[in-house]
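Sequence order for the protein chains is A and B.
The first sequence runs 22 to 224 under my numbering.
The second sequence runs 22 to 224 under my numbering.
Even for Gly, the Cβ is constructed at its ideal location relative to N, Cα and C.
Structure first, then comments.
Number of protein chains: 2
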Amino acid sequence: MVDAVGRQQRKKQLTRLALVDAAVRLFTERGYERTTVADIAEAADVSARTFFLHFPTKEDVLLADTAGRLDRGVDVIAGRDPASTPAEVLAETIDVMITDAWAGDLHTGLAALRARLVIDTPAVQAHLLQNGFAAQTRIATALHEAYRDRIDEVTAAAIVGALMGAVAAAAVTALRRGDPPDGVRAAMRRAAAIAMRAVDNDL
Amino acid sequence: MVDAVGRQQRKKQLTRLALVDAAVRLFTERGYERTTVADIAEAADVSARTFFLHFPTKEDVLLADTAGRLDRGVDVIAGRDPASTPAEVLAETIDVMITDAWAGDLHTGLAALRARLVIDTPAVQAHLLQNGFAAQTRIATALHEAYRDRIDEVTAAAIVGALMGAVAAAAVTALRRGDPPDGVRAAMRRAAAIAMRAVDNDL
DNA sequence: TGCTTTACTGCAGTGAATGAAGTAGTGCAT
DNA sequence: ATGCACTACTTCATTCACTGCAGTAAAGCA
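Dropping the structure here:
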């Protein structure tokens, strides 16, 4: 047994990586709008059609690394200490996700690129917001499932929405202002703390 | 002088109305994706090119009536009683906007259609989220300007983000659950109340 | 009556995304 | 090893949102 996964899977991951790599490079060089999917595919030396076998849309190549992050957030809630309160669990969840967001992809430079593109490319902003909203929905569902007797569906959505909304808005504002990465993260944590006050009171 | 506005302006508004009308009807009949811009223009008896003179994108026809709503929210903050606290002003702002959302377009059926499309059409959801985010940014800026000495830029963004995030998430959750319009509005108000607890503490 | 402005048209083109049919490398069974 | 199924990928064609440009005709105005 040479490898856990076969040659086929490995090659697939290689072309996927090549696509992400080419996309990051080209987006950085010429900007998002002035880079076509055909360009990316060409640079990765695959057909244009292949791009869409790996990513459903052009924007999704920017989210290549975020799949697992959400799961980790959900896991925090699912694997909670039964004695802990919703407020404690939520605080830890948001903390894990904020930390993860900056730790995950220092290699690829994806996070930095995303940050820049979110600010000045409407299409990207729209898609990322949608993605975040979907993530938020999953977290809210997990919270509701975890405390089924104490937190109803809509309340869970409201609480998680407040948290994520505050963090997202603070992050974009800090980014737009030109804050350095550390400053942005600090803004996110502060926003989370503010929003958590809505929860702390009675959960 | 026959009219306050000329014949030209009136005719323009007529084709705009015809476009919105055709869009609402066709979206309702066949769904969003299965309706092309060409279809809408045809039904409104104008050229396809004309559609884009009135609306920048296909999704924007769904936002035909929301332009003024945001201004009204901003106005509440701008025209505040100087003696009132940020918490009071914010509470009134969100209340005005929630109320407006229902009063504005009961006639056109736009609100109901939007509600349905946001839930099951990803493209629409992305665009509306982006629109809401932009609105939120304007409110946050207005709040910061109004209390320049007490609330910094990022804090304003966090507070408003928490409010809007909570309300939006609650609305979608209630809609998805199949709540009637009244139930949805109640969910939004409850979400706003929850998020306001983050503000009430020290503003 | 002329001159400018503006709502609208027609057309040609870009680029994202999808569908269908086909090729080639890979893994696996006998 | 040979045949077979699977899968990543390609190629071609098509749809559709959206843009730029060159026009027409009506509207407003001198």
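CB-CB length for residue i against residue j, believed under 8 Å
i: Ala161(A); j: Val181(A); result: 4 Å
i: Ala219(A); j: Arg218(B); result: 4 Å
i: Leu131(B); j: Leu83(B); result: 7 Å
i: Arg284(A); j: Val117(A); result: Because residue 284(A) is not part of the residues shown, which for chain A are 22 to 224, the question remains open.
i: Ala59(B); j: Ala69(B); result: 5 Å
i: Glu174(B); j: Arg198(A); result: 7 Å
i: Leu91(A); j: Ala156(A); result: 5 Å
i: Ala177(A); j: Leu164(A); result: 5 Å
i: Ala179(B); j: Ile215(A); result: 5 Å
i: Val67(A); j: Thr36(A); result: 6 Å
Residue i classed as buried or exposed, judged by whether at least 16 other C-beta atoms fall within 10 angstroms
i: Ile98(B); result: buried
i: Leu184(A); result: buried
i: Val41(B); result: buried
i: Ile140(A); result: exposed
i: Leu74(A); result: exposed
i: Gln34(B); result: exposed
i: Gly100(A); result: exposed
i: Thr120(B); result: exposed
i: Gly52(A); result: exposed
i: Gly89(B); result: exposed
Test item: CB-CB of residue i and residue j under 7 Å
i: Ala208(B); j: Ala195(B); result: yes
i: Leu134(A); j: Val45(A); result: yes
i: Val193(B); j: Ala212(B); result: no
i: Thr57(B); j: Leu47(B); result: no
i: Ala62(B); j: Phe72(B); result: yes
i: Val145(A); j: Glu54(A); result: no
i: Arg169(B); j: Val95(B); result: no
i: Gly153(A); j: Gly186(B); result: no
Beta-carbon neighbours of residue i, restricted to chain A and to distances below 7 Å
i: Arg198(B); result: Glu174
i: Pro143(B); result: Gln151
i: Phe154(B); result: Leu150
Per-residue contacts from residue i into chain B (C-beta, under 8 Å)
i: Arg135(A); result: Result: empty, since nearest Cβ-Cβ is about 15 Å, beyond 8 Å.
i: Gln34(A); result: By Cβ distance, chain B contributes nothing, its closest Cβ being about 27 Å from Gln34(A), past 8 Å.
i: Thr225(A); result: No statement about residue 225(A) is possible, as the shown extent of chain A runs from 22 to 224 and does not include it.
i: Ala147(A); result: Ala147, His148, Leu150, Gln151
i: Ile215(A); result: Thr176, Ala179, Ile180, Ala183, Ala219
Within chain B, partners of residue i - CB distance below 7 Å
i: Met185(A); result: Gly186
i: Ala208(A); result: Val175
Contacts of residue i in chain A (Cβ-Cβ under 9 Å)
i: Ala212(B); result: Val175, Thr176, Ala178, Ala179, Ile180, Gly182, Ala183
i: Ala191(B); result: Val175, Thr176, Ala178, Ala179, Gly182
i: Ala161(B); result: Ala190, Thr194
i: Gln157(B); result: Gly186, Ala190
Interface partners of residue i on chain B, CB under 9 Å
i: Thr106(A); result: Neighbours of Thr106(A) on chain B: none; closest Cβ ~16 Å, over 9 Å.
i: Ala195(A); result: Glu174, Val175, Ala178
Requested in this report: Mind listing, in chain order, the continuous alpha helix (DSSP H) runs of no fewer than 4 residues lying wholly within the segment 72 to 143 of chain B?
Outcome: 88 to 99, 107 to 125, 131 to 141
**Report entry** beta strand (DSSP E) segments (min. 3 residues) lying fully within the segment 156 to 199 of chain B
**Finding:** You should have found no qualifying run.
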